[in-house]
Amino acid sequence: MKIVVIGGSGLIGSKLVSKLSEHGHDAVAADLKTGVNTLTREGLDEALKGADVVVDVSNAPAWEDAAVMDFFTTSTGNVLAAEAAAGVPHHVALSVVGTERLTESGYFRAKLAQETLIAESSNPYSIVRATQFYEFVERIAADATDGNVVRLPPALIQPMAADDVAAAVGRVSVGEPVNGMVEVAGPEQFRLDELVRGALRTRNDPREVVTDPQARYFGINPSERALIPGPDARLAETRFSDWLERQLATA
Ligand SMILES: NC(=O)c1ccc[n+]([C@@H]2O[C@H](COP(=O)([O-])OP(=O)(O)OC[C@H]3O[C@@H](n4cnc5c(N)ncnc54)[C@H](OP(=O)(O)O)[C@@H]3O)[C@@H](O)[C@H]2O)c1
């Protein structure tokens with residue numbers, strides 16, 4: 214299959230292109246470096262010629278409310294229009310578990326707008342909603358850091374390895390469009406504060422993690438189960454402790 218990966222140079226995109234290529238597919242990365250700009254549509258129509266699937270794993274470069282909304286709506290609109298013009302029979306996009314419960318944040322309002330554009334288009338589609346990547350835990354800590362203190366609420370979180378996200382997106386991409394959502398998540402649940410505390414301790418990071426039910430997670434005060442998938446989520450295998458160990462061994 215010819216599978217165009219929008220955001221093919223990114224964290225998930227680069228892993229996805231490798232995995233699809235290993236399975237014998239013609240996986241083509243489409244991103245700024247390859248001359249495809251989804252915001253201007255430059256290079257997009259050319260890249261989509263003959264595609265069986267387009268997988269959008271791009272991300273906005275700036276996360277301020279207006280910028281991120283503009284990115285996901287303009288980019289998604291252009292990709293869907295180019296697919297319709299080229300007759301591409303399957304659009305796959307990567308989104309986030311719990312998006313509709315997190316709309317206090319401009320980032321998630323933009324992801325919800327992206328999902329709505331896809332669902333309301335006439336393009337056959339599959340939306341994969343993943344939980345937070347293990348690779349994202351450092352960014353969660355950084356966003357919640359004030360001086361030497363990391364303040365986080367004890368909300369539940371069921372994160373997963375980026376490798377497992379890419380594998381899950383790959384499996385959905387080579388299947389039939391579901392015209393709906395598929396949830397994917399990691400094998401274990403943690404409390405957000407405990408997860409970050411454990412990760413920082415393992416890395417000998419001196420920051421102290423303070424449990425604060427009023428603390429914000431990217432500007433949101435998530436309810437206990439806001440970040441957790443439903444009972445039908447497909448669960449990945451890699452455990453956080455094994456992933457952390459491997460990261461430390463290769464650092
Ligand atoms: N972080 C999490 O825990 C999490 C959890 C669930 C779902 N997600 C979702 O996963 C998706 C992928 O995230 P990621 O961390 O893999 O992203 P990333 O590493 O930041 O990669 C973003 C990609 O988007 C491309 N891109 C940006 N602007 C573009 C444009 N105008 N035209 C074409 N390509 C453009 C970049 O290309 P260049 O390299 O050329 O700039 C890059 O390949 C996101 O949509 C995010 O919402 C994230």
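Per our numbering, the sequence shown starts with residue 214, numbered consecutively.
Glycine included, each C-beta is placed from N, C-alpha and C at the ideal position.
Near ligand 1: residue i beta-carbon under 7 Å from a heavy atom
i	result
Q460	no
A343	yes
V249	yes
L408	no
K324	yes
N272	yes
V309	yes
G223	yes
K262	no
L252	yes
L293	no
D244	yes
F321	no
I340	no
T393	The residue asked about is misnamed: residue 393 is Gly in this sequence, not Thr. No, the Cβ of G393 stays beyond 7 Å of every heavy atom of ligand 1.
F403	no
S234	no
G399	no
G220	yes
F349	yes
F346	yes
G411	no
Bridge-paired residues (DSSP) for residue i
i	result
R447	V397
A354	Looking at the DSSP assignment, A354 forms no beta bridge with any residue, so it has no partner.
A412	Answer by DSSP bridge pairing: none, since A412 is not bridged.
D239	K215
N250	E255
D359	V362
I441	For I441, which the question treats as bridged, DSSP gives no partner whatsoever.
F403	I370
I433	Y430
V422	V363
Flag this pair as touching only if the region 359 to 375 and the region 414 to 423 have three or more C-beta atom pairs under 8 Å; answer yes or no.
-> yes
At what residue ranges does the region 265 to 346 contain a whole run of the beta strand (DSSP E), taking only runs of 3 or more?
-> 266 to 269, 304 to 309 and 338 to 343
Counting Cβ pairs, one atom from each stretch, are 3 or more of them under 8 Å apart for the region 262 to 274 and the region 221 to 231?
-> yes
Assess, as a yes-or-no matter, whether the region 301 to 311 is touched by the region 279 to 286 under the definition of 3 or more beta carbon pairs within less than 8 Å.
-> no
Taking one C-beta from the region 369 to 383 and one from the region 338 to 348 each time, how about it: are there three or more such pairs within less than 8 Å?
-> With a cut-off of 8 Å, the region 338 to 348 and the region 369 to 383 count as touching, because enough Cβ pairs lie within range.
If you pair each beta-carbon of the region 384 to 394 with each one of the region 425 to 436, do three or more pairs fall below 8 Å?
-> No contact exists between the region 384 to 394 and the region 425 to 436.
Taking contact to mean at least 3 C-beta pairs separated by less than 8 Å, is the region 317 to 329 in contact with the region 439 to 449?
-> In short, these stretches do not touch, since the Cβ pair count stays below three.
Are the region 258 to 267 and the region 282 to 301 in contact at 8 Å, needing three or more beta carbon pairs?
-> The region 258 to 267, when compared against the region 282 to 301, does touch it at the 8 Å Cβ threshold.
Segment contact flag, the region 394 to 404 with the region 331 to 343, C-beta cutoff 8 Å, min 3 pairs | yes
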